[in-house]
Structures are given as C-alpha cells and as structure tokens.
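Asker: Residue numbers (the working numbering): 211 to 539.
Think of the CB as a built atom: it goes at the ideal place given N, C-alpha and C, for glycine as much as any other residue.
Just passing along the structure, written as structure tokens.
The following block contains the structure:
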C-alpha cells in the first residue's frame with residue numbers, strides 16, 4: 211500500500227496528543243501530511259504535549275473536547291482524512307461511573323460523524339475500537355464475524371461507537387473504517403498508573419525495579435502489538451479503498467502468556483521481578499480469558515502485517531522511557 215497518498219493531504223487526529231494518536235501524528239508529518247490534532251488533555255488519559263515534540267513545529271494542536279460540536283464542526287472542514295482515536299480509555303471506570311463511557315465514546319463519536327456529514331462528507335474516517343467488544347470467545351483465533359458480547363461499559367460504548375460509524379457509512383455514504391485494537395504497547399503511552407496499557411505499566415514496574423503482579427496463574431494468552439505496527443495498519447487501511455465500510459481486527463496473530471510477557475520485560479530491562487496476585491473483583495468480572503485475533507482480513511485488504519517481534523518492540527519501548535523518564539513518570 212502506497213502511503214505517499216498522505217503527502218500534502220489535510221488530516222485531523224482526535225486524541226492526537228495521546229499514545230497512539232501522537233505516534234500516528236508523527237508518522238503523518240513525516241509522510242508530508244498537513245496535520246491537526248484535537249485533544250482535551252483529560253487528566254490520567256495520556257494526552258501529553260511532549261508526545262509530539264519531534265514534530266511540534268510542523269502540526270497544529272487544538273485543545274478542545276470531541277463533544278463540542280462547534281469546535282468539531284470547524285476542525286473537520288477541508289480535511290481529507292480523519293482518524294478518530296479520542297475516547298475514555300479505562301476498562302474499569304464504568305464500574306464506578308458509567309457516564310464518561312456513554313458521553314465521550316458514544317456522544318463524542320456521534321458529534322464527530324454528524325459534523326463530517328454536514329461539513330465535509332468526502333473525508334475518509336478511520337475509527338479505533340477495541341477487541342473487548344467480543345468479550346469471552348469460544349473459538350480462537352477470533353474472526354471479525356464472531357459474536358460480540360462486551361463485558362463492561364467501556365467495551366459496550368466502543369461497540370456502539372462502531373455502529374454509529376457504520377450507520378453514517380451505510381446511510382450517508384461516508385468512507386469509514388473500524389479497527390478493533392488488541393493490546394498496543396510502545397513509546398508515548400501514559401506511565402503514571404496501570405488503569406490501561408498493561409504492557410507499558412509492566413515496563414514501568416521493571417524500570418523501577420519493583421514487583422510486577424501477574425494475576426491468576428499467568429497462563430492467559432493475549433496478543434501484544436507494537437505501536438509502530440499499529441500506526442502502519444491505521445495508515446494502510448485509511449489509504450485503501452477496499453477497506454471502506456469494513457471492520458478489521460488489528461492485533462498480533464502470535465499470542466503469548468502473561469508469564470512469558472513479564473519474563474521477557476524483566477530480561478530486556480535487566481531489572482524488576484514478578485509475583486502472583488489474585489484478580490481484583492473488577493478485573494475478575496471483566497476478564498474474558500484467552501484472546502488472540504484472526505488478522506487475515508486486514509492483511510488481504512491492505513497488505514498490512516505485524517513486523518516487530520515482542521522482544522524488539524520492548525527494547526525500543528524501554529530505551530525510550532529510559533531516555534524520557536522525567537516526562538512520563
């Protein structure tokens with residue numbers, strides 16, 4: 211897939227100062243795109259102006275809320291590509307406060323899509339969702355047509371956002387893509403708490419030479435995808451006419467257990483230790499068991515596939531946080 215299609219194009223990234231959004235912004239600037247990022251810098255959610263430091267003079271930053279229809283209406287005008295990554299990210303917040311998931315992920319997505327329909331319906335829209343929409347599964351690897359049975363409000367709100375995006379694509383003929391992301395790790399993620407981003411939180415524990423808690427027996431299987439591979443997939447699906455109207459798994463077809471993950475992190479970091487821990491009540495209620503995706507659909511449609519091994523991705527991640535620790539701890 212030729213990513214030169216982004217050269218000279220006008221791009222909006224919602225959640226563009228966050229983990230994946232900032233890595234996407236840097237790649238797009240390097241590809242020659244005219245990039246605008248929208249971010250509300252909601253506390254604890256990872257929005258960090260330092261994340262775009264390498265390209266800060268080459269993009270426009272708007273600090274505003276995805277639910278602000280007047281701001282969003284202005285920002286979508288004239289954009290060729292819109293990457294919608296903004297949202298409430300905690301898997302457990304909904305147990306104590308259901309409204310951010312509903313208001314930000316659902317209403318925010320509707321606000322964006324309505325603004326695009328009314329102001330620039332020719333734009334390509336790529337929306338990032340979560341593999342959590344599947345819930346517990348009966349068959350591995352998981353295909354996109356597997357039943358969806360989300361186990362929390364975060365996952366329910368993401369599935370609803372997907373359906374809103376699909377609605378505007380089907381009824382209003384907008385060019386849309388939904389991506390169901392698995393466990394993404396790498397540079398520029400928030401590192402102050404472990405509410406989301408399990409790999410990065412384990413990396414912090416290792417770099418601080420602290421104990422990493424492994425829940426249950428540590429044998430649960432997950433797929434872990436390095437952020438550069440994630441960004442590459444987002445860009446390739448956005449550039450592929452064949453992807454429009456589609457929903458795709460975005461993850462790694464080679465899973466590993468949490469024990470394997472933790473041991474690799476400690477080995478690469480040269481510090482840290484691990485210990486078993488019981489599941490908290492909230493985590494136990496949402497734990498879906500083993501999960502890894504079938505990614506044949508996104509491969510066939512866009513030509514994308516993961517390129518980075520877990521060990522190589524962790525080496526890059528750990529090197530970055532060692533160098534920029536003060537900006538994330």
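1. Using the DSSP secondary-structure output, state which residues sit across from residue 467 in a beta bridge.
2. Rounded to whole angstroms, how far is the Cβ of residue 390 from the Cβ of residue 340, which I believe are closer than 8 angstroms?
3. May I ask you to verify whether the segment 223 to 237 touches the segment 430 to 438, counting CB pairs closer than 8 angstroms and requiring at least 3?
4. Taking all protein chains shown into account, decide if residue 535 is buried (16 or more other Cβ within 10 angstroms of its Cβ) or exposed.
5. Does the distance from the CB of residue 279 to the CB of residue 246 come in under 7 angstroms?
6. Do you know offhand how far residue 338's Cα is from residue 344's?
7. Answer with buried or exposed for residue 214, where buried requires no fewer than 16 other C-beta atoms within 10 angstroms of its C-beta.
8. How big is the Cα-Cα spacing for residue 312 and residue 367?
9. From residue 514 to residue 444, what does the alpha carbon distance come to, in whole angstroms?
10. Within this structure, are the beta carbons of residue 475 and residue 412 separated by less than 7 angstroms?
11. Do you know how far the Cα of residue 488 is from the Cα of residue 242?
12. Using DSSP bridges, identify the partner residues of residue 337.
13. Could you tell me whether any Cβ in chain D is nearer than 7 angstroms to the Cβ of residue 272?
14. Spatial neighbours of residue 397 within its chain, please: CB distance less than 8 angstroms, with the 5 preceding and 5 following residues excluded, ordered by chain position.
15. Using only alpha-carbon positions, find the residue among 373, 348, 342, 273 that is nearest to residue 363.
16. Measure the CB-CB distance between residue 336 and residue 406 and report whether it falls below 7 angstroms.
17. For the ligand SAM, any of its heavy atoms closer than 6 angstroms to the Cβ of residue 218?
18. Take residue 452 as the anchor and find which of 484, 511, 504 has the nearest alpha-carbon.
19. Suppose you measure from the CA of residue 460 to the CA of residue 351; what does that come to, to the nearest Å?
20. Within this structure, are the beta carbons of residue 288 and residue 256 separated by less than 7 angstroms?
21. In the structure shown, what three-state DSSP assignment does residue 261 receive?
22. Looking at the secondary structure, which residues open and close the alpha helix (DSSP H) in which residue 200 lies?
23. Name, in chain order, the residues that DSSP records as bridge partners for residue 424.
24. Does DSSP put residue 395 in a helix, a strand or coil?
25. Can we say the segment 378 to 388 touches the segment 416 to 427, given the rule of at least three CB pairs closer than 8 angstroms?
26. Using a 10 Å radius around the Cβ and a threshold of 16 neighbouring Cβ atoms, would you call residue 386 buried or exposed?
27. Pull up the DSSP beta-bridge partners for residue 244, would you.
Answerer: By the coordinates alone:
1. In the chain shown, residue 467 corresponds to position 257, counting from 1. According to DSSP, which records beta bridges pairwise, residue 467 is partnered with 431.
2. Counting from one through the chain shown, the residue named residue 390 turns up at place 180. Counting from one through the chain shown, the residue named residue 340 turns up at place 130. At roughly 6 angstroms, the Cβ-Cβ gap stays under 8 angstroms, so residue 390 and residue 340 are in contact.
3. Yes: at least three Cβ pairs fall under 8 angstroms.
4. For the purposes of this step, residue 535 is taken as the residue at position 325 of the chain shown. Classification for residue 535: exposed.
5. Position 69 of the chain shown holds residue 279. Position 36 of the chain shown holds residue 246. It is not a contact, given that the beta carbons lie outside the stated cut-off.
6. Mapped onto the chain shown, residue 338 falls at position 128. Mapped onto the chain shown, residue 344 falls at position 134. C-alpha separation (whole angstroms): 15 angstroms.
7. For the purposes of this step, residue 214 is taken as the residue at position 4 of the chain shown. Under a 10 Å Cβ-count criterion, residue 214 is classified as exposed, with fewer than 16 other Cβ atoms of the shown protein chains found around its own Cβ.
8. What you label residue 312 is simply residue 102 of the chain shown in a count that begins at 1. What you label residue 367 is simply residue 157 of the chain shown in a count that begins at 1. Taking the straight line joining both Cα atoms gives about 6 angstroms.
9. Along the chain shown, read from residue 1 onward, the residue named residue 514 stands at position 304. Along the chain shown, read from residue 1 onward, the residue named residue 444 stands at position 234. Answer to the nearest angstrom: the Cα atoms are 9 angstroms apart.
10. The residue you call residue 475 lines up with position 265 of the chain shown. The residue you call residue 412 lines up with position 202 of the chain shown. Yes, the Cβ-Cβ distance between residue 475 and residue 412 is below 7 angstroms.
11. Looking up residue 242 in the chain shown gives position 32. Looking up residue 488 in the chain shown gives position 278. So the two alpha carbons sit approximately 49 angstroms from each other.
12. Here residue 337 refers to the residue found at position 127 when the chain shown is read from its first residue. Assignment of beta-bridge partners to residue 337 by DSSP yields 294, 388.
13. Any reference to chain D falls outside this structure, which holds one protein chain only.
14. Position 187 of the chain shown, counted from the first residue, corresponds to residue 397. Cβ neighbours of residue 397 beyond the five flanking positions: 233, 437, 526, 527, 530, 531.
15. Here residue 363 refers to the residue found at position 153 of the chain shown. The option with the nearest alpha carbon to residue 363 is 342.
16. Here residue 336 refers to the residue found at position 126 of the chain shown. Here residue 406 refers to the residue found at position 196 of the chain shown. No, Cβ-Cβ distance for residue 336 and residue 406 is not below 7 angstroms.
17. Inclusion of the ligand SAM in the displayed structure is not the case, the ligand content being empty and no account of it being possible.
18. Your numbering for residue 452 matches position 242 in the chain shown. Residue 511 is the option with its Cα nearest to residue 452.
19. Numbered from its first residue, the chain shown carries residue 460 at position 250. Numbered from its first residue, the chain shown carries residue 351 at position 141. When rounded, the separation of the alpha-carbon atoms in residue 460 and residue 351 is 12 angstroms.
20. As a first step, residue 288 must be located in the chain shown, where it is residue number 78. As a first step, residue 256 must be located in the chain shown, where it is residue number 46. The answer is no: Cβ separation not under 7 angstroms.
21. Working through the chain shown from its first residue, we reach residue 261 at position 51. Helix, per DSSP.
22. Residue 200 is absent from the model: the chain starts at 211 and stops at 539.
23. Reading the chain shown from its first residue, position 214 is the one you call residue 424. Among the bridge pairs identified by DSSP, residue 424 is matched with 486.
24. Looking up residue 395 in the chain shown gives position 185. The answer is strand: DSSP assigns residue 395 an E or B state.
25. Between the segment 378 to 388 and the segment 416 to 427, the count of C-beta pairs closer than 8 angstroms stays below three; the two stretches do not touch.
26. Within the chain shown, numbered from 1, the residue matching residue 386 stands at position 176. Buried, by the Cβ-count rule.
27. On the chain shown, residue 244 is found 34 positions in, with the first residue counted as 1. According to DSSP, residue 244 bridges with 220.
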